[in-house]
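**Q** Numbering (the numbering used here), first residue to last: 1 to 570. Sharing a structure with you now.
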Ligand code: NOJ
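Shown next, in the form of structure tokens:
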């Protein structure tokens, strides 16, 4: 399957069909359960989400990512699926889901859903059939073994909860393999009938109109005796097969890889022009290094990871993020850095889970407005498309007294009223309590009060989103990291030639500068390709000192300050 090409945007009712829409989109992760409860039963639902689409549109969101909302016992936030084509009744109905898609599309907003294909819940009828009837049609749907000693080198992803990737099933009297919780048996992808079954699921949702999938836990589909069970060649073959179906029958829909791996391994999930895999992959390598830089006051780690030249296809886009519904994972940093991060960000053991930190953005950054702005300015300027996590736009707090990752999955805070305006239910009936801590209490941190303050974080973030969207260079441009004489300062140029895409045919260069220092600094930046260029602040339009004739720029930055400067070459 060759690379997808296009010449001009096609407009369908309600939706601009640009096959590479995902490269210019601002994504927003919203858990159906957490956003808005329309019927007062204590749990958010699809109708509630539909009623809040105006807010998301106002914010500037182009695409929603919905974690699983399928039938599920909810022992892993819905990532334990009991039926891939049914919606959990407390969330709503398929008709309401259709309505969500229609109403989102009317606003030119896309809907990307989560698909955990690696495993199901042990309540799934496939697993129930597999354990009770080994010779039946589902007997070989899961990974069964007479011993629990196979593949000892495969890592345990939830070490706080599991000490083996095998669990004994008392009905079948065999062990089954599970990469995550023991109630989540892994599907057996060596069985072609499993391929057929999951492809049916993929088609079901694409036929319903979704714009794409986040492919949950995608590196783990296959295990092998030789490898570590992460990104095995057969896994990549399966993703190629899926992509070919999407490109052939559903052009314009996307696949996003959730691959928490080292940089080169993550990049492998894009595939190549000749053999494409995912359109997007979350930028797990960059994310923890943003947090590291904020505390170490050094840009070195980010410079290193951004300067690494990883060859990815031109249509590929990174999904850049600060936080999501999981712990801030520290699996892909060295032990030394991990310990430093725990010291800075998880000084109370309660803040940790597995190999990571279970806190929200605002609490991690100790509610520092300067740090919140710096982190978002980076998020929106880095190559790729930004993913926001619901509530972070108002600086919502977390609740580390709740178990596991529920700490940062509490109800969205809309107003200072009962249940933060999330639900009219008796407070005791909420799926999780609203945050009532000293600093982040919903009476202060909520959408209504931030709408009423023109300098609130919410207004600030909305403004940055709109500035970003006015400049296609951020989504489509290349990056060149520049040398500076101050290790606390990160500087790069984003450049976009302005050709070959349906938007913004003007070439553009934007110089982005970020200071991680906890005090004001002066810096000299080497920008040899920009000698004599004039600079203008992208927010206010004000003119800055030009780059010297020898390609040097001298700047001062306030504590944790940043600039986005449009460079006009001489
Ligand atoms: C990744 C999801 O993001 C996480 O929430 C879940 O627990 C695991 N996959 C297992 O499904």
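All C-beta atoms in this analysis are idealised placements derived from N, C-alpha and C, irrespective of residue type, glycine included. Just so you know, these numbers come straight off a predicted model, no measurement behind them.
#1: Can you tell which of 46, 109, 492, 77 has the C-alpha that lies nearest to the C-alpha of residue 97?
#2: Determine, using beta carbons only, whether residue 510 and residue 557 come nearer to each other than 7 Å.
#3: I need the straight-line Cα distance from residue 456 to residue 370, nearest angstrom please.
#4: Using 8 Å for Cβ pairs, my map puts residue 244 next to residue 218. What's the rounded Cβ distance?
#5: Do the region 290-301 and the region 347-356 make contact, defined as three or more Cβ pairs closer than 8 Å?
#6: Given a cut-off of 7 Å on the beta-carbon distance, is the pair residue 225 and residue 191 in contact?
#7: Does residue 406 come out as helix, strand or coil in the three-state DSSP assignment?
#8: In this structure, what does DSSP give as the bridge partners for residue 280?
#9: Nearest CA to the CA of residue 254: which residue from 276, 73, 355?
#10: Residue 42: buried (16+ other C-beta within 10 angstroms of its C-beta) or exposed?
#11: Pairs of beta-carbons, one from the region 377-388 and one from the region 400-418, closer than 8 Å: are there three or more?
#12: Output the distance between the C-alpha atoms of residue 559 and residue 65, rounded to the nearest integer angstrom.
#13: Quick check on DSSP: helix, strand or coil for residue 567?
#14: Name the residue from 38, 49, 40, 21 whose alpha carbon lies nearest to the alpha carbon of residue 29.
#15: Determine whether the beta carbon atoms of residue 210 and residue 113 lie at a separation below 7 Å.
#16: Excluding five sequence neighbours on each side, which residues of the same chain lie with their C-beta closer than 6 Å to the C-beta of residue 363?
#17: State the Cα-Cα distance for the pair residue 414 and residue 100, rounded to the nearest angstrom.
#18: Counting C-beta neighbours from all protein chains within 10 Å, is the total for residue 7 16 or more, i.e. buried, or is it exposed?
#19: Restricting to runs no shorter than 3 residues, where is the beta strand (DSSP E) found entirely within the region 6-61?
#20: For the beta strand (DSSP E) that residue 492 lies in, which residues bound it at each end?
#21: Pick helix, strand or coil for residue 247, following the three-state DSSP scheme.
#22: If you pair each beta-carbon of the region 119-133 with each one of the region 167-176, do three or more pairs fall below 8 Å?
#23: Under the three-state reduction of DSSP, which class applies to residue 224: helix, strand or coil?
#24: Would you call the region 52-71 and the region 101-108 in contact, with 3 or more CB pairs under 8 Å?
#25: Does residue 294 come out as helix, strand or coil in the three-state DSSP assignment?
#26: Nearer than 6 Å: is that true of the beta carbon of residue 180 relative to any heavy atom of the ligand NOJ?
#27: Taking the alpha-carbon of residue 359 as reference, which of 108, 326, 110, 182 has the nearest alpha-carbon?
#28: Could you give the C-beta distance for residue 393 and residue 416, rounded to a whole number, given that I count them as a contact under 8 Å?
#29: Is the CB-CB distance between residue 284 and residue 313 below 7 Å?
#30: Counting C-beta neighbours from all protein chains within 10 Å, is the total for residue 374 16 or more, i.e. buried, or is it exposed?
#31: Return the residue from the list 267, 356, 120, 143 that minimises the CA-CA distance to residue 160.
#32: Within a Cβ cutoff of 6 Å, which residues of the same chain sit near residue 563, ignoring the five residues on either side of it in sequence?
#33: Can you tell me whether DSSP reads residue 65 as helix, strand or coil?
#34: Using only the heavy atoms of the ligand NOJ, determine whether one of them is closer than 6 Å to the beta carbon of residue 217.
#35: Can you tell me whether DSSP reads residue 389 as helix, strand or coil?
#36: Please state the DSSP three-state secondary structure of residue 70.
**A** In short:
#1: Along the chain shown, read from residue 1 onward, the residue named residue 97 stands at position 97. It is 46.
#2: Indexing the chain shown from 1 puts residue 510 at position 510. Indexing the chain shown from 1 puts residue 557 at position 557. The answer is no: Cβ separation not under 7 Å.
#3: The residue you call residue 456 lines up with position 456 of the chain shown. The residue you call residue 370 lines up with position 370 of the chain shown. Each residue's CA atom was taken as its position, placing residue 456 and residue 370 some 12 Å apart.
#4: Here residue 244 refers to the residue found at position 244 of the chain shown. Here residue 218 refers to the residue found at position 218 of the chain shown. About 16 Å separates the two Cβ atoms, so there is no contact after all.
#5: Three or more Cβ pairs closer than 8 Å define a contact, and the region 290-301 falls short of that threshold against the region 347-356.
#6: Start at 1 with the first residue of the chain shown, and residue 225 comes out as number 225. Start at 1 with the first residue of the chain shown, and residue 191 comes out as number 191. For residue 225 and residue 191, no; Cβs fall outside 7 Å.
#7: One-based indexing of the chain shown puts residue 406 at position 406. In this structure, residue 406 counts as helix in the three-state DSSP scheme.
#8: Locating residue 280 in the chain shown gives position 280, where the first residue counts as 1. Note: residue 280 sits in a beta bridge opposite 256, 317.
#9: Position 254 of the chain shown, counted from the first residue, corresponds to residue 254. Here the closest residue by C-alpha is 276.
#10: For this step, residue 42 is matched to residue 42 along the chain shown. That one is buried.
#11: No, because fewer than three Cβ pairs between the region 377-388 and the region 400-418 fall closer than 8 Å, the two stretches do not touch.
#12: As a working mapping, residue 559 is identified with position 559 in the chain shown. As a working mapping, residue 65 is identified with position 65 in the chain shown. Residue 65 has its alpha-carbon roughly 34 Å from the corresponding atom of residue 559.
#13: Taking the chain shown and counting its residues from 1, one reaches residue 567 at position 567. Here DSSP, grouped into helix, strand and coil, assigns residue 567 to strand.
#14: Stepping through the chain shown from its first residue, residue 29 is reached at position 29. In terms of Cα proximity to residue 29, the closest of 38, 49, 40, 21 is 49.
#15: As a working note, residue 210 is residue 210 in the chain shown. As a working note, residue 113 is residue 113 in the chain shown. The answer is yes: Cβ separation under 7 Å.
#16: Here residue 363 refers to the residue found at position 363 of the chain shown. The beta carbon of residue 363 lies closer than 6 Å to those of 397, 398 in the same chain, with the five residues before and after it left out.
#17: Position 414 of the chain shown holds residue 414. Position 100 of the chain shown holds residue 100. Between residue 414 and residue 100, the C-alpha separation is close to 20 Å.
#18: Mapped onto the chain shown, residue 7 falls at position 7. In this prediction, residue 7 has a pLDDT of 37, which is less than 50 and means its spatial position is unreliable; nothing more can be read from the coordinates.
#19: Counting only runs of 3 or more, we get 10-12, 15-17, 27-29.
#20: What you label residue 492 is simply residue 492 of the chain shown in a count that begins at 1. Element bounds for residue 492: 489-496.
#21: Start at 1 with the first residue of the chain shown, and residue 247 comes out as number 247. Reduced to three states, the DSSP call for residue 247 is helix.
#22: Contact between the region 119-133 and the region 167-176 is present, because at least three Cβ pairs lie under 8 Å.
#23: The residue given as residue 224 occupies position 224 in the chain shown. Residue 224 falls in the coil class under three-state DSSP.
#24: With a cut-off of 8 Å on Cβ pairs, the region 52-71 is in contact with the region 101-108, counting three or more such pairs.
#25: Within the chain shown, residue 294 is the residue found at index 294, counting from 1. Judged by DSSP in its simplified three-state form, residue 294 adopts helix.
#26: What you label residue 180 is simply residue 180 of the chain shown in a count that begins at 1. With a cutoff of 6 Å, residue 180 counts as near the ligand NOJ, since its C-beta is closer than that to a heavy atom of the ligand.
#27: Locating residue 359 in the chain shown gives position 359, counting from the first residue. The shortest C-alpha separation from residue 359 is found at 326.
#28: The residue given as residue 393 occupies position 393 in the chain shown. The residue given as residue 416 occupies position 416 in the chain shown. Residue 393 to residue 416, Cβ: 17 Å. No contact.
#29: Stepping through the chain shown from its first residue, residue 284 is reached at position 284. Stepping through the chain shown from its first residue, residue 313 is reached at position 313. Contact annotation: residue 284 and residue 313 have beta-carbon atoms that are not nearer than 7 Å.
#30: For the purposes of this step, residue 374 is taken as the residue at position 374 of the chain shown. Classification for residue 374: buried.
#31: To locate residue 160, count along the chain shown from 1; it is residue 160. It is 356 whose Cα lies nearest to the Cα of residue 160.
#32: As a working mapping, residue 563 is identified with position 563 in the chain shown. Excluding positions up to five away in sequence, the list reads 513.
#33: Stepping through the chain shown from its first residue, residue 65 is reached at position 65. DSSP places residue 65 in the strand class (E or B) of the three-state scheme.
#34: Position 217 of the chain shown, counted from the first residue, corresponds to residue 217. At a threshold of 6 Å, residue 217 counts as near the ligand NOJ, since its beta carbon sits closer than that to one of the ligand's heavy atoms.
#35: Translated into positions along the chain shown, residue 389 becomes position 389. Strand at residue 389.
#36: If you number the chain shown from 1, residue 70 lands on position 70. DSSP places residue 70 in strand when its eight states are reduced to three.
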